[in-house]
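K.L.:
Here it is, written out as structure tokens:
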């Protein structure tokens, strides 16, 4: 499967709890932190919920 690079570009301060939990489950804790994930439907669904807080690059 393809890899996806996810980078946190906005803070989760004053965001709903579910968005904060999604960011933690993606492994994003600090600003401008980048993680790689597999291109699975689960990960894409999580990214879709917080797409205004992250930037996504496909490899």
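In the UniProt record's numbering, the protein residues as written are 1 to 59.
For glycine and all other residues, C-beta sits at the position ideal for the given N, C-alpha and C.
1) Can you name the residues that DSSP bridges to residue 40?
2) Would residue 6 and residue 40 be called neighbours here (beta carbons separated by less than 8 Å)?
3) Expressed to the nearest angstrom, what Euclidean distance is found between the alpha-carbon atoms of residue 46 and residue 36?
4) For residue 60, count neighbouring C-beta atoms within 10 Å of its own C-beta (all shown protein chains included) and say buried if the count is 16 or more, exposed if not.
5) On the criterion of 16 or more Cβ atoms from any shown chain inside 10 Å, does residue 13 qualify as buried, or is it exposed?
P.N.:
Once the coordinates are examined:
1) For this step, residue 40 is matched to residue 40 along the chain shown. Answer is none; residue 40 lacks a bridge partner.
2) Position 6 of the chain shown, counted from the start, is the residue given in the question as residue 6. Position 40 of the chain shown, counted from the start, is the residue given in the question as residue 40. No, the pair does not count as a contact, with Cβ atoms beyond the cut-off.
3) Residue numbering aside, residue 46 sits at position 46 when the chain shown is read from its first letter. Residue numbering aside, residue 36 sits at position 36 when the chain shown is read from its first letter. Here the alpha carbon of residue 46 sits roughly 14 Å from the alpha carbon of residue 36.
4) For the chain, the structure presents residues 1 to 59; residue 60 sits outside this window and is missing.
5) As a working mapping, residue 13 is identified with position 13 in the chain shown. Residue 13 should be labelled exposed.
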